[in-house]
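Participant: Take the sequence shown: its letters are residues 1 to 244, numbered as in full-length UniProt numbering.
My questions all concern the structure below.
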Amino acid sequence: MGTLVSVPFSCSYPSNITVALPTPYYPEANVISIPGPNGTGTFVVEMNLFTDSTYTAVSNTTTFATTDIIYVQTKLTADDNNLVLLIHDCWATPTSSGTDPLAYYFIAKGCPIAGRVADTVHVTMNGVGKVARFNTQVFGFVDYNSTYFHCTVDLCSENARQVCERNCDEEEENSTVLLTRRKRLANDDVLSLGPFINKESTGISETSPKKPAGVSPYTIMICTFSIVIAILLVVVLYFVLISR
């Protein structure tokens with residue numbers, strides 16, 4: 001009986017693929033003008049990305065890992081202290097269009113939507129002053145390397161602050177609690193922020209399952225060739241040994 005010969009070999013495949021645009025650009029802040037709570041006057045609201053939970057420095061970061069936290073702030077720039085700002089709805093899209101049919105809602109009626117990725121969303125300030133804030137762990141869309149955030153906002157009077165505040169810990173929202181003015185903004189009046197470039201190629205999808213990262217044909221060819229060479233080497237060594 002011939003002697004068995006073991007020839008060790010291995011192939012490696014990339015488990016993570018970094019995707020980024022070839023030229024750098026920065027997430028763009030958005031500014032809109034909306035009517036006041038009594039239907040008169042026009043007020044400017046802006047949305048920005050910040051570096052951390054202190055909200056002291058605006059971020060110019062373009063790429064994020066799925067473990068990163070994004071800190072977002074909306075701010076009413078008016079001097080009128082009788083106004084309160086409320087984030088109403090927020091959603092993500094893979095394009096700059098807030099009406100993109102592939103949309104992922106993560107805040108509704110001022111509170112995070114329970115379940116899915118939105119479990120990592122935290123509304124830390126809303127309906128208590130001129131500033132509203134939330135943070136979320138980074139997420140993206142399958143087959144897309146960028147994500148945009150879009151939010152609608154409302155204004156109400158300071159003397160109605162108690163009905164502007166959102167208690168997101170309550171199981172059910174009190175249906176009798178209404179804002180002095182609740183008005184869904186037109187598509188042109190949606191606050192938008194982005195793009196956020198995803199380092200990983202994984203993401204979420206409302207209509208399709210997650211797809212695995214692809215392996216290039218070149219990598220497959222190299223590994224196949226290595227296997228063939230290893231097999232031929234084993235055969236040659238076997239015949240050399242039995243011929244002795």
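Glycine included, every Cβ here is placed at the ideal spot set by N, Cα and C.
What is the DSSP secondary structure of L233, counted as helix, strand or coil?
Facilitator: helix
Participant: Look up T224 in the DSSP assignment and say whether it is helix, strand or coil.
Facilitator: helix
Participant: Whole angstroms is fine: what's the gap from L83's alpha carbon to T56's?
Facilitator: 22 Å
Participant: Under 8 Å, do F196 and V138 count as touching if we go by C-beta distance?
Facilitator: Yes.
Participant: What are the complete beta strand (DSSP E) segments, minimum 3 residues, inside the region 111–165?
Facilitator: 122–125, 131–137, 146–157
Participant: Verify whether the separation of the beta carbon atoms of V72 and N126 is less than 8 Å.
Facilitator: no
Participant: Around the Cβ of I69, are there at least 16 other Cβ atoms within 10 angstroms (buried) or fewer (exposed)?
Facilitator: I69 comes out exposed.
Participant: Output the boundary residues of the beta strand (DSSP E) element that contains T95.
Facilitator: No beta strand (DSSP E) holds T95; DSSP gives it neither H nor E.
Participant: Who are the near neighbours of G115 in its chain, counting only those whose CB is closer than 7 Å to its CB and skipping five residues on each side?
Facilitator: none
Participant: Below 8 Å, how does it come out for the region 94–104 and the region 43–50: are there three or more Cβ pairs, yes or no?
Facilitator: no
Participant: To which residues of the same chain is A103 closer than 6 Å at the C-beta, ignoring the five residues directly before and after it?
Facilitator: W91, T93
Participant: DSSP three-state label for Y105, please.
Facilitator: strand
Participant: So, are the CB atoms of C156 and L86 less than 8 Å apart?
Facilitator: Contact flag set, yes.
Participant: Apart from the five residues on each side of it in sequence, which residues of its chain come closer than 7 Å, Cβ to Cβ, to E52?
Facilitator: Per the sequence shown, the amino acid found at residue 52 is Asp instead of Glu. Once the five neighbours on either side are set aside, the close Cβ partners of D52 are Y71.
Participant: Would you decide whether I107 is buried or exposed? Buried here means 16 or more other CB atoms lie within 10 Å of its CB.
Facilitator: buried
Participant: Give me the DSSP bridge partner(s) of K75.
Facilitator: E46, V131
Participant: Looking only at DSSP bridge pairs, what is S192 linked to?
Facilitator: H150
Participant: Would you call S226 buried or exposed, if buried means 16 or more other Cβ atoms sit within 10 Å of its Cβ?
Facilitator: exposed
Participant: What does the Cβ neighbour count give for T124, buried or exposed, with the cut at 16 atoms within 10 Å?
Facilitator: exposed
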